[in-house]
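Data block below; observations after.
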Amino acid sequence: MNPLALERPSRWRAFGVAGVFALALLPSFPLLREAASGQRGLGTFPATLWQSFGLATASAALGFAAGLPLGVTAALYSFPGRRALLALASLPLLVPSLLWAVGWSALLARVAPGPLPGAAACVVVFATTAIPLVLLTAWASTAALGAGQVEAARLAGGEAVLVRSACRHAAVPALLAAGLAGVLVLSDPAPGQIFGQRTAAAEILVSFAALFDFGLAARQGLALAALVLVLAAPLAAVAAPRLAAAVLPRAIRPLRPVWHREMAALAAGGLLVFVGIGVAAPLAGLALPALRGTALARAGSEVVETLGNTAIYGLGAGALAAVLGLLLAALAGRSSRLRTAVLALSFLLLALPSALPSLGLLRWSGEVPAALAPVFHSRFTVCVALGLRFLPVATLLALRGWASTSPTWAWAAELHGVSLGRYLARVLAPRLAPAVATGLVLVGLLSAADVGTVLLLHPPGQRSLPLAIFTVMANAPEALVASLCLLYVVGAGALLAALPWLAGRRL
Amino acid sequence: MTVSLRPKTLTPGPSPTRTPARPGEGKLPALRQAVAALALAGWVLLAGCGREEPEGGAGAEPQGPVVVYSSVDDVFARPVAQRFQEETGIEVRLVPDTEETKSTGLLNRLIAEKERPQADVFWSGDPVRAAVLKRRGLSASYRSPAATGLPPRFSDPEGHWTGFSARARVLIYNREKVPEEQAPDSIFDLVEPRFRGQACIANPLFGTTSMHAAALFAALGEQRARQLFEDFTANGGRIVSSNGEVRRRVANGECTVGITDTDDANVARLEGKPVGIVFPDADGIGTLIIPNAAVLIAGAPHPEAGRRFIDFLLAPETEKALAASEAAQMPVRPGLPPPAGLPALAGLKAMEVDYGGLAALLEELSRGFLKEWVDRNSG
C-alpha cells in the first residue's frame, strides 16, 4: 500500500463510511428493534415535533444572525481582550444547557417575577448555545482566508465591503453550524422542562421516564431523526464542497487581524453584549446564592471527588471520537457525495436521543457472554457511548482538517517512493494534528458536561461532576448548588483557555 | 463593485510556487501534543475497564460491595450510606437519581439491566417506583428482621418492598404574601379565586407529584379528580418542572402557594425563607404520606450485602437519623421522635391509599388523562 491509496476513489470508501456509522448506531439497535416490533403510532408527537421545529428554527436563525457578524469581525479586527472575550463567548457550549436555563430562571425570578413565556425563554437559552457555535465557525472560516484576499477586498471597497464579502464567504459553514445548533435544540429536553414548554425531546423523555415505554420512545426518536435527515441533507450538500475548498486559502499567507477603530469597537461591543447577556446574566442567576453562603469548601470536596471520573469520561470519549472522525474524513476523502453523506449522517446521529444508545448498551450488557459483561459496566463503555454520541463534532473538524491537505502531496510522496507509514507520520499527521486535538478537546468538554448518558451508564460510585450537580440540585442548599455550578464554569473556562495550546495556536 | 472572497474565484489551483507551507514544517510540537493527548486518552480508556469480584456463596459473610440505586436525593442518601459503610466495613456504591424531570431516570436503567442486574438494592423515595419493579418482575421478596415495628400498611404484603421513613405532600405558602388567616388548608383551596394565577405544582407525570395525582384519582374518583385538575388550570395554576422549583417559586413570591414534599419545604425553612407549611385536608381526604421503600433486586450480584443494607435502612436508628437530617423524614415506626418543626406521623390524618395498586393506576393515567392534561396546559 502506498500514499496514493489515500487519494484514489474506491468502493471500499462507501462501505467504510457505512461501517463506521453502523458502529455508531449499533448501541441503539436493541431499542430500535423494539420500536419496530412493538405497537405502531406516535400519539401527539408529530404536533409537538412541529412545535419544537419552530423553536429550533428560531434559535438557529438567531444564532446565525448574531453569530455570523460577530465571528467575522472578531477574525478580521484586533482589539484588547479579544482572546478572552472569545473564550468567554464559547463558554455556553461547554456547560449543560440545564445550568443556563436554571440561571435564567433564577435571575428572572429575582428581577422580574411573573410567569415566563416558555417559548421565548427556551429560544433565549437555546440561542445562548447557537450563537457561539456559529460565531466560532464563522471566525475559523474567516481566519482561514488569505491576507492577500482580504487586502484586495479592503482596497476594492473599504471595510464595509470587506465585512460583507467575508460574511458571504463564512455564510455556508455558519449555516452548517446553525443547523447543528438546531439539531441540538431538537434533542435537548431540559430548557423546555424548566420553562414549561412542550418539546419533542421532553416528550421522548416522558415516554422513557413516565411511561417506561422504550418502544414508543425509540419510535419518537426515529421520527425526530428522520425530520433532521430530511432537513440536513440539502444543507450538507451545500456545505460539503466548501469543506474541500478550504484548502486553498490556508495554503497562502495567513490573515492577521488589524486594528481599525470603528470596526474594532463594533466587534468588541458586539462580543461584550453577547457575553453580558448570554453568559454573565444567567451566571449571575446561578452565582448570587453562592455569595451569601459558605458552601465553597463543601463544593470543592465534591469537585475533588468527581474530577477524576469527569476527566476520564471526557478524555476517553474525545480520543475515540477524534480517531473515528479522522477515519471518516479519510474514508470520505475528496468525494463530494461521500462528504455530503457523512455530514447528513452526522446530523442524524446527533439528533437521536442519548437515552437510546445508553439503554441499548445496558440491554447488550445482559445479552453478551458473562465474561464480557464487566466491560459493559465499566467507565470504558461510558467513554464509548459519549464518544459515539459526539462523533459528529469530531467528524466535522476532521473533514475540515482533511480538506486542508493537498492530494498533490500524496502524488509527490508516491513519485519519491515514500512509504505509506512515513507519509502518514511525517506529512499527514502534523497537518491533521490541530484538527484532531481540537476535536478531542471539544468532544472531551461536551462529554464531560453530559448528564443523561453518564447517569444511565456510569459504574456505581463513579459519578462525574455534572452528574453530582444534577443529583443535588433539587434539595441541596442553594449556596452549594451555586458554588458547584460556579466551580464547573470556572473549570470549563480554564480548559477553554488551554485550547489554543492544544490546537497549536492555529485557532 | 462586487468582491467575492470565495477561494474559487480569487485563488487559482494549487501550484508549487503558491504553496509556501511545506507539509509538516513547524508542526511537530502540535503533533507531539496531539500524540500525547491521544496516548493519555488511550491510557484513560484502558484504566476505565475494571472487573469486580462477585460475592461469596449463599450464607457466606457478605464481602460487598453493595450496589445501591437510590432515587432519594443524593444529599440525604449519601450520609446514610457512609454510616453503613463505617459500621459494617462493606463498601457502598451509590448510584443516585433524582425525581426531577430532566433525565431518563434510574428505574429505566434497572429495567434495561433486567437480564443481568448490577444493583443489589433499590432505595426508592416512594413506594410506587418500588411497585413498578415488582410488576415487572425485577424485585425479590425479602422480609427483613429489622422491619419489626414498621406498620404493615406501608409495605408490600408479599415482602417485595418495605416502607420506612416517610415524607408527606404538603401545601406551602409565602408568608409575606398570604396572611396567616388566609393560608390554604386543603388542596381544593388551590382552585379558589383568592389564589387565582398564584398556585403552582410540579409536572404530574414525574416523581411524587405523579404519585399524588394517582392517589387523588383513587381517593376522589375519576370524575372529581379530573375536575380538580381542570379547575386548577382554569384558576391560572401553573405547572413547573419539579417540587424543588415549586419551593423556589413560592419562597421568592413568584407563586404564593404550591404543593411539594416535606423535605423540600424543610429546606426552605432551614434557609430562612418566608414559607409556611400546611398538612392539607385534615378534615377531608387527609394528607398523602410517601414512605421510602427498600427493594432487594431479583438476581442481585451481592444479595447478602444487599440484605444487610436493607436491614440497616429499616432499623430505628436510620429512621431517627433521617428525621434529624435536612431531609426531615418522618419515622413511620411509632414512638420515634419526629423531625424538628414537623408533627409526628401519628398526629396526622393520612390519606387512605393502596400503594401497590397506585403503580398500575399511575401507568394508566400517565398514558391517558395526565399526559393529555399536561400537553394541553404547557407550551
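Residue numbers (the numbering used here), protein chains in the order written: chain Z, 14 to 520; chain C, 874 to 1252.
All residues carry an ideal CB built from backbone N, CA and C; glycine is no exception.
Chain-ordered chain C contacts of residue i [CB-CB under 9 Å]
| i | result |
| --- | --- |
| Z:G209 | N1076, R1111, I1112, V1113, S1114, N1250, S1251, G1252 |
| Z:T57 | K1244, E1245, D1248 |
| Z:A122 | R1121, R1122, N1125, G1126, E1127 |
Test: residue i CB closer than 8 Å to a CB of chain Z
| i | result |
| --- | --- |
| C:G978 | yes |
| C:R1042 | no |
| C:D999 | no |
| C:E959 | no |
| C:Q1202 | no |
| C:N1047 | no |
| C:V1123 | no |
| C:E1144 | yes |
| C:S1014 | no |
| C:S1239 | yes |
| C:E1127 | yes |
| C:V1064 | no |
| C:C922 | Any answer about C:C922 is weak, because its pLDDT of 47 lies below 50 and its placement is not dependable; what the coordinates show is given next. Output row for C:C922: interface = yes. |
| C:K900 | Only weak support exists for where C:K900 lies, its pLDDT of 44 falling under 50; the value from the coordinates is given anyway. Cβ-Cβ to chain Z under 8 Å: yes for C:K900. |
Beta-carbon neighbours of residue i, restricted to chain Z and to distances below 7 Å
| i | result |
| --- | --- |
| C:A985 | L372, L375, R376 |
| C:F1079 | A222, A223 |
| C:D947 | T484, V485 |
| C:E1103 | Here the premise fails: no neighbours, minimum Cβ distance about 18 Å. |
| C:V940 | P473 |
Beta-carbon neighbours of residue i, restricted to chain Z and to distances below 8 Å
| i | result |
| --- | --- |
| C:P1025 | Ordered by position in chain Z, no residue passes the 8 Å Cβ test against C:P1025, which lies about 28 Å from the chain. |
| C:S1083 | A223 |
| C:L967 | P473, G474 |
| C:D970 | L468, T484 |
DSSP beta-bridge partners of residue i
| i | result |
| --- | --- |
| C:T1035 | C:A1167 |
| C:R1009 | For C:R1009, which the question treats as bridged, DSSP gives no partner whatsoever. |
| C:F995 | C:Y942, C:V1168 |
| C:M1203 | C:A1039 |
| C:N1108 | Answer is none; C:N1108 lacks a bridge partner. |
| C:L1044 | C:I1132, C:V1151 |
| Z:Y90 | Z:V271 |
| Z:T394 | DSSP output for Z:T394 lists no bridge partner at all. |
| C:A1223 | C:T1160 |
First and last residue of the uninterrupted alpha helix (DSSP H) at residue i
| i | result |
| --- | --- |
| C:P969 | Element bounds for C:P969: not the alpha helix (DSSP H) but the beta strand (DSSP E), 965 to 969. |
| Z:G192 | 160 to 199 |
| Z:I325 | 309 to 345 |
| Z:R26 | 24 to 38 |
| Z:T482 | The residue asked about is misnamed: residue 482 of chain Z is Ile in this sequence, not Thr. It spans 478 to 485 - the alpha helix (DSSP H) in which Z:I482 sits, taken as one unbroken run. |
| C:D947 | 947 to 961 |
| Z:P204 | 203 to 207 |
Extent of the continuous beta strand (DSSP E) to which residue i belongs
| i | result |
| --- | --- |
| C:C1128 | Premise fails: C:C1128 is in no beta strand (DSSP E) and is neither H nor E. |
| C:A1075 | 1072 to 1075 |
| Z:R266 | Note, Z:R266: premise wrong, no beta strand (DSSP E); not H, not E. |
| C:I1112 | 1111 to 1113 |
| Z:I290 | That residue, Z:I290, is in no beta strand (DSSP E); it is neither H nor E in DSSP. |
Minimum Cβ-Cβ distance from residue i to chain C less than 8 Å
| i | result |
| --- | --- |
| Z:H429 | no |
| Z:P490 | yes |
| Z:A386 | yes |
| Z:G313 | no |
| Z:V219 | yes |
| Z:A160 | no |
| Z:G171 | no |
| Z:P473 | yes |
| Z:A74 | no |
| Z:Q233 | no |
| Z:A462 | no |
Chain-ordered neighbours of residue i on chain C, where CB pairs are closer than 7 Å
| i | result |
| --- | --- |
| Z:H390 | Q991 |
Residue i: contacting residues in chain C (beta-carbon distance under 8 Å)
| i | result |
| --- | --- |
| Z:E380 | E988 |
| Z:A411 | Within 8 Å Cβ-Cβ: nothing; Z:A411 doesn't reach chain C, min ~12 Å. |
| Z:A364 | Ordered by position in chain C, no residue passes the 8 Å Cβ test against Z:A364, which lies about 17 Å from the chain. |
Check your understanding: Looking at C-beta atoms only, is the number of pairs between the segment 450 to 469 of chain Z and the segment 97 to 110 of chain Z that lie closer than 8 Å three or more?
Key -> yes
Check your understanding: Is there contact here, the segment 178 to 190 of chain Z with the segment 69 to 82 of chain Z, by at least three beta-carbon pairs under 8 Å?
Key -> yes
Check your understanding: Would you call the segment 395 to 402 of chain Z and the segment 330 to 337 of chain Z touching, i.e. three or more CB-CB distances under 8 Å?
Key -> yes
Exercise for review: Taking 8 Å as the threshold, find out whether the segment 167 to 183 of chain Z comes into contact with the segment 31 to 43 of chain Z through three or more Cβ pairs.
Suggested key: no
**Study point:** Inter-stretch contact (C-beta, 8 Å, three-pair minimum) for the segment 1108 to 1117 of chain C and the segment 1067 to 1084 of chain C
**Key:** Three or more pairs of CB atoms, one per stretch, sit closer than 8 Å, so the segment 1108 to 1117 of chain C contacts the segment 1067 to 1084 of chain C.
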